[in-house]
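A.B. asks: Got a structure here, written out as structure tokens. Questions coming.
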Amino acid sequence: MTKEKYSTVWDTKLQQFHAGQDWKFLDNFIEDFSVTTNGLGTPKSALEASREACFTCHHYPSADQEPAKTSLAQFLWPDDYKKHSNRLLLGNGASELIDLVIRSAPDGTWKPGPWDVQYKEYQRSAENNGRIILSPQDNTRATLSCIVNPCNPTGDYKNVAEMKKWILDNVEEGGVVIVDESMQPWLSSDFRSDSLISQHDFAYSLYKTKNISLYIIHSWTKFWSCTGLRLGSVVCPTSKHFDALKKIQVPWSVNSPALAFLNTVVRDQNYMDLTWKLTSKWRAELIDRLKVISNSIVTFHNDPMLAWEFYGNDFLSWVWIDMKTAKISEDAVNRAKAAGVPIRSGKPGYNRPTHVRVAVREPSKVDFLIQAWKDLGTQ
């Protein structure tokens, strides 16, 4: 892959940089470590359902997003999905829904979560819509606040009690808050109890007493490793908010293969059980192997300040790493790409040149990354 060819993928004047593009230009591609998708790969049963749906491509997709929408509602709220499904809207990935909610929010200020840095698509949309951008450290309550929890890329996480407090402290009355919980289902099989999707009374009270509208967004393309299909959802504060978003959403934004995939994948319990069992295990093993490389660099330079720092909660599908110097970080990115195992540099978009993000993958694939970095920082 030539640098010139890759640089044409993103129009940096108009688009927000995103990982996941290197693979198509690598003749020796092995595994994509640059994206935070599930290390198990795409669920086979859902992939087959999506493939079968391609044979109906001469028909329009379902205009009401059914039966996929109800199936997702059953997954989110197993005991009372009928009470809440009228607030659930599917979209062409989370990106479409992010833009829909931000465009429909009242004019004014915008503030991200309290993290060092977070997924930048929210800020891109806010800036495009002419909002006044506040810093994460600003104590001013914002008209529109968007927090990614767990935070991609830093891996920070607030439990549900902490999230509710943050919302009450950071959103002005009459405002809007978007909470992106795309990576939260990795927590455990009991993820719902620590998610805002379970906090119906809080969301209702927030709107009725403070006129604050809470939207909960999920990108399902990470947990179920289907980024090419584009699948997202948003839980709206009320059915009235749902109607307002649906009115401005383009028709058929979720295509037939994506709807078929979603309708099937929510029933693949074995895949989810393996995800909760293996992700934290593989993540811990990945960090242990990377620490060996870090220790070699420290020993070679006789400088403990060069020891890498690893960030993120144990259950997450990636590791955010501070490699301490931009030179080592850049070399790590280049070596990984050359070996067919691209990673995400922290420089473009996030403006963290000493950092990289590495996805959790099965140990046999990690072998190639470790080999590529065997003498990193020691030459």
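Numbering of the sequence shown is given in my numbering, commencing with residue -11 and proceeding in unit increments. Ideal Cβ positions, reconstructed from N, Cα and C, are used throughout, including at glycine.
#1: Around the C-beta of residue 366, are 16 or more other C-beta atoms found within 10 angstroms, so that it is buried, or is it exposed?
#2: With distances taken Cα to Cα, identify the nearest neighbour of residue 86 among 102, 61, 115.
#3: In terms of residue numbering, what span does the beta strand (DSSP E) encompassing residue 160 cover?
#4: Between the alpha carbons of residue 207 and residue 199, how many angstroms are there, rounded?
#5: Using only CA atoms, which one of 139, 138, 122, 137 lies nearest to residue 131?
#6: Measure from the alpha carbon of residue 226 to the alpha carbon of each residue in 236, 204, 219, then state which is nearest.
#7: Under 8 Å, do residue 84 and residue 213 count as touching if we go by C-beta distance?
#8: With a threshold of 6 Å on Cβ separation, who are the neighbours of residue 143 within its own chain once the five nearest residues in sequence on each side are excluded?
#9: Please name the residue, chosen from 134, 246, 295, that lies closest to residue 102 on a Cα-to-Cα basis.
#10: In the structure shown, what three-state DSSP assignment does residue 309 receive?
#11: Which residues in the same chain have their Cβ closer than 6 Å to the Cβ of residue 360, if we skip the five residues on either side of it in sequence?
#12: Thinking residue 159 and residue 185 are a contact (beta carbons under 8 Å), I'd like their distance in whole angstroms, please.
#13: Thinking C-alpha only, which one of 353, 11, 67, 202 is nearest residue 274?
#14: Tell me the rounded alpha-carbon separation between residue 217 and residue 26.
#15: Whether or not the stretch 7 to 19 and the stretch 329 to 339 are in contact is what I'm after, with contact meaning three or more pairs of Cβ atoms, one per stretch, closer than 8 Å; do they touch?
#16: Can you list the alpha helix (DSSP H) stretches of 4 or more residues lying completely in the stretch 229 to 278, in chain order?
#17: If the criterion is Cβ atoms closer than 8 Å, does the pair residue 230 and residue 77 meet it?
C.D. replies: Let me spell this out:
#1: Counting Cβ neighbours within 10 Å, residue 366 comes out exposed, since fewer than 16 surround it.
#2: Out of 102, 61, 115, 115 has the C-alpha closest to the C-alpha of residue 86.
#3: 159 to 168
#4: 26 Å
#5: 122
#6: 204
#7: no
#8: 299, 300, 301, 304, 308
#9: 134
#10: Here DSSP, grouped into helix, strand and coil, assigns residue 309 to strand.
#11: 323, 324, 327
#12: 18 Å between Cβ atoms; not a contact.
#13: 353
#14: 15 Å
#15: yes
#16: 244 to 253
#17: Yes, the pair counts as a contact, with Cβ atoms nearer than the cut-off.
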